[in-house]
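Visitor: The following block contains the structure, expressed as structure tokens.
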Amino acid sequence: MLKNMKSIIFTDHGINFLALLLLVLLPVIAAALIAYCGCVVLDRSLAMTFVSIVTAIMCTTSVLVFQIRTTAFQEDKRLVERDKLAINEAFTLNIWAIATGLVLAILLIIPDFSSGSYISETSIYAVVIAFLLLHFLGAICIFLQRFFWSFERIATKKPR
């Protein structure tokens with residue numbers, strides 16, 4: 190899976206700057222700004238709801254992407270290796286977003302335990318949450334890009 194994540198940023202045609210920006214640079218910049226400002230997380234409930242719902246949707250979507258991967262390439266002989274790579278990358282991004290969402294959800298509920306209530310009042314907690322939340326959103330954006338490209342190619346039978 191990490192090999193596919195590497196190929197999402199470092200492609201055969203060079204560096205995919207959109208993926209690099211969404212997965213690495215924006216989360217790092219936002220985390221640095223939050224650390225500089227000394228922000229803390231006051232209310233985690235909306236973020237927890239958002240992350241939980243989107244992660245559940247991504248779990249459902251992973252079944253769809255897996256089904257496309259297993260059936261489309263058996264039935265449609267005009268699809269090439271590039272199409273298979275796009276579906277593999279979409280599936281990898283989907284699983285990556287699910288894993289990031291689960292880690293983020295766990296980090297969002299840790300302060301609810303009695304011994305961890307002071308954690309949410311620290312700046313480092315806000316930095317980690319901001320980084321993971323933006324990384325999560327970046328993975329979803331790139332997944333949607335790959336998924337819609339694959340849909341256009343496979344489902345509508347459009348030649349590339």
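For this note's numbering, count along the sequence shown from 1 and bump the result up by 189.
From the three backbone atoms N, C-alpha and C, an ideal C-beta is built for every residue, glycine too.
By DSSP, does Gly290 sit in helix, in strand, or in coil?
Guide: helix
Visitor: So does Thr289 have its beta carbon nearer than 7 Å to some heavy atom of the ligand GDP?
Guide: With respect to the ligand GDP, the structure shown offers nothing to examine, as it has no ligands at all.
Visitor: Distance check for Arg342 and Ala275, CA to CA, integer angstroms please.
Guide: 10 Å
Visitor: Given a cut-off of 8 Å on the beta-carbon distance, is the pair Leu293 and Arg233 in contact?
Guide: no
Visitor: Taking only three categories from DSSP, how would you classify Ala344?
Guide: Here DSSP, grouped into helix, strand and coil, assigns Ala344 to coil.
Visitor: Work out the CA separation of Val243 and Glu278 for me, nearest whole Å.
Guide: 19 Å
Visitor: Restricting to Cα atoms, I'd like to know which of Ile218, Leu326 and Lys273 is closest to Ile287.
Guide: Here the closest residue by C-alpha is Leu326.
Visitor: Can you tell which of Ser241, Cys228, Thr260 and Ser339 has the C-alpha that lies nearest to the C-alpha of Ser312?
Guide: Cys228
Visitor: Between the Cα of Pro216 and the Cα atoms of Leu321, Leu282 and Thr259, which residue gives the shortest distance?
Guide: Leu321
Visitor: In whole angstroms, what is the alpha-carbon distance linking Ala315 and Ala221?
Guide: 10 Å
Visitor: What is the DSSP secondary structure of Leu282, reduced to helix, strand or coil?
Guide: helix
Visitor: Taking the alpha helix (DSSP H) that Ile299 falls in, what are its first and last residues?
Guide: Unbroken run through Ile299: none, as it is neither H nor E.
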